[in-house]
Amino acid sequence: MQRHFRAFVAIVAFAANAADAQTPHRVLGAGGAEPNALLRDPAVAANGGLLVFTTTANNLGAAAGAALNVYAYDPDGAVIRLVSRNPTTGTVADGNCFLPVASRDGRYVAFESLAGNLGPSPAGLQILRVDRATGAVARASQSASGTPGGDQSRFPSMSADGRYVAFQSFANALVTGDDNDRADIFVKDMQTGSLDVASRNASGAFADDNAVALSNQALSDDARYVAFASAASNMVAGLAGGVQQVYLRDRGTATTSLVSRNASGAAGTGPSDQAAISSNGRYVVFRSFASNLVTGATSRVFRLDRTNGALVAVPRPLAPNATGCRAPKIADTGDVVMICDMTAPTPAQAWRWPSGATAPELLSRDAQNPAVPGAGASGGGIGIGADGTVIAFESQAANLVAGDGNGVADVFWFGTPGNDRIFFDDFE
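Those letters in the sequence shown? Residues -21 to -1, 1 to 407, per mature numbering (1 follows the signal peptide of the UniProt record, and there is no 0), in order.
Dropping the structure here:
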C-alpha cells in the first residue's frame, strides 16, 4: 500500500522490501498542494500507520493561526487532520505546540503546548494528550490531584496504548518529596492519574543533577522501561558523576542501570545522551562522545542489545566527508536511523543502518542520482516504525523529489505498511 506523508520539514519514510518503498514521498495538502510554511518535529507511530508533525501552514486542510499546531497524516487516505484544537469549538491552538508523538495505533497524540485554549487551564509549557477518537484533551504534566506543574514540562514519549506518557519537567510540585531543584523524568498514568519518577536510583533517591531532554522514543511499548541521560552522581553505585551518562529505568523492578558503559563495565569517559529504546525493549541506541566504549567507534552512535549485553558502534557513513552522527532512533529489528553531519559544503544528511550492515544507507538522496546527497540540511527530526519498514525525517533539501518548489523544509518518507496497523483515520 503506497503511503504519502508531507510536513514542513522533509520527512522521509524508508521501506526496504518493496519496489515503491525505495521512492521517497512528501506530505502534501489537498490536491497535492505544497505546504506554505515549513514542517517540523516529525514522528511516526510504532505501527507505521501515522505521521505527526507541527507547522504554521494554513493550506493543509485546517485554517491555522500564527502558532505552531500539531497535525496527523494518514498515509492510506492521504488525509491530514488537525490535532491541536479545542475539543468543543474546534479552534486551533493559540500558543505554539511542539514535538508530537503518537501511540502505536495513532489514536493518542501527546505534545508540548503553550496554548491556553485547548481545554486544560493554561500553565506555561505543559504536556497534553489528545484522544483522537473523542477529541478529548488531557494534561499529562500534572500531579495525581490535578495540579499542573509549576515549571516547564517537555519532551513527551508514549506507551503503545497511550496510557502512559513520559516527559521531562523542572516542576517540583508534581510528586511529594521532589526537592532536588533539578529536571526529572516522570511517567504519567493517564488512567489512574498517578505519577512515577523514572530518574531515580534503586533506593528511590532522586537524581542529584538534571535529567536531560528525552527522546520521543524513550519509553518502551509496555511502559516498563525508560531510557534517559543525566550527569547525576547517585544513579548507580561506584559512579562519581559529573559526566553525562545514559541509564535505563526498569519500572517493573524499580531499578536503574548504566547503559553507556563498555564490556568491562566502565562508564563512558565522555558525555552520552539522546537515548532511544525499541518498542519491544530489546535495544537501546544513544549518542556518546566517550572514547572508551567500543574500540574503533567513529559515528558517535552506539546500540546496546539487552538480550546479550552486546554494545556495538554503529558505523559511520562511508562518505569521506561524514563526521559524527546524532538523534538516533531504533526499530525492534535493531535497525537504526540517524542524522550525520558532513564537512562543508555538504549539509547534514539522514541515514539508515540495517542491523549488522557494514555501512549506513543514505536516505536524503537526490531524486535522479541516489548517490548524490540532499542539497539542503536534514536533521530536525527522524523516526522509524517498530518493524523498520517505515522511516520519516525532515529536510530542507529540494532535490529529494520532483516538483519541490515551496522553498521550505518538508517531510519525506519511504515505507510500506506494517502488519499490525489498526489506524485508518477513522477516529474523526
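Backbone N, C-alpha and C fix where the C-beta goes; we use that ideal spot for every residue, glycine too.
Here the structure is a predicted model, which means the values were calculated and not measured.
In terms of alpha-carbon separation, which member of the options lies closest to residue i?
i	options	result
ASN347	ARG331, PRO326, ALA327, ALA377	It is Gln, not Asn, that sits at residue 347 in the sequence shown. Comparing Cα positions, the closest option is ALA377.
PRO307	SER182, LEU193, ASP73	LEU193
ALA89	GLY103, PHE146, ALA186, ALA354	PHE146
SER82	VAL23, PHE207, ASN189	VAL23
GLY98	GLY114, THR155, ALA57, ILE370	GLY114
GLN105	ASN385, ARG118, ASN96, ARG111	ARG118
PRO324	THR312, THR337, SER343, ALA356	ALA356
residue 434	ASN26, ARG161, ASP157	It is not possible to answer for residue 434, since the shown part of the chain is limited to -21 through 407.
GLN223	ASN241, ALA216, SER267, PHE185	SER267
residue 410	GLY394, ASP389, MET317	Outside the shown range of the chain, which is -21 to 407, sits residue 410, and nothing can be said about it.
PRO250	ARG285, ALA190, ASN287	ALA190
VAL31	GLY313, ASP140, PHE372	PHE372
VAL71	GLY95, LEU78, SER278, GLU91	GLY95
ALA45	GLY85, LEU93, GLY247	LEU93
ARG121	VAL225, MET137, ALA102, ALA25	For the record, residue 121 in the displayed sequence is Gln; it is not Arg. The option with the nearest alpha carbon to GLN121 is ALA102.
Near residue i, what residues of its chain come up, given a Cβ to Cβ distance below 6 angstroms and the 5 sequence neighbours on each side ignored?
i	result
ILE59	LEU39, GLY40, TYR50, TYR52
ASP404	Reliability of the predicted coordinates at ASP404 is poor, the pLDDT of 46 falling under 50, and the value obtained from them is presented with this limitation in mind. Hits under 6 angstroms: ASP53, GLY56, VAL58.
ASN15	ALA36, ASN38
VAL264	ALA255, ARG282, PRO307, ILE309, VAL315
ASP130	PHE149, ALA150
PHE185	ASN159, ARG179
ARG400	Low per-residue confidence applies at ARG400: pLDDT is 47, beneath 50, and the placement is therefore not dependable enough to give any value.
Could you pull out every residue in the same chain whose Cβ sits closer than 8 angstroms to the Cβ of residue i, ignoring the five residues on either side in sequence?
i	result
TYR204	LEU198, LEU227, ARG228, ASP229, ARG230, ILE256, GLY260
GLY221	ALA210, SER212
With distances taken between CB atoms, is the gap from residue i to residue j smaller than 8 angstroms?
i	j	result
TRP332	PRO294	yes
ASP320	GLY303	yes
ALA202	VAL238	no
ASN151	ASP187	no
VAL62	VAL109	yes
TRP330	HIS4	no
PHE134	ALA177	no
ILE361	MET317	yes
GLN328	PRO352	yes
SER258	ASP311	yes
LEU127	SER100	Looking at the sequence itself, residue 127 is Pro, so the reference to Leu does not match. Closer than 8 angstroms, so yes.
Please state the DSSP three-state secondary structure of residue i.
i	result
GLN1	helix
GLY358	strand
ALA323	coil
GLY303	strand
By DSSP's criteria, residue i is part of a beta bridge. Which residues make up the other side?
i	result
PHE391	ARG5, PHE372
GLN328	CYS319
ARG282	VAL264, VAL291
GLU340	ARG331
ARG203	In the DSSP output, where bridge partners are listed per residue, ARG203 has none listed.
ILE49	According to the sequence provided, residue 49 is Val. The question's Ile does not apply to it. BP columns for VAL49 point to THR33.
VAL225	ALA208
ARG60	ALA51
By Cβ distance below 7 angstroms, which residues in the same chain neighbour residue i in space, the five residues on each side in sequence not counted?
i	result
GLY244	none
ALA181	ALA233, THR234, THR235
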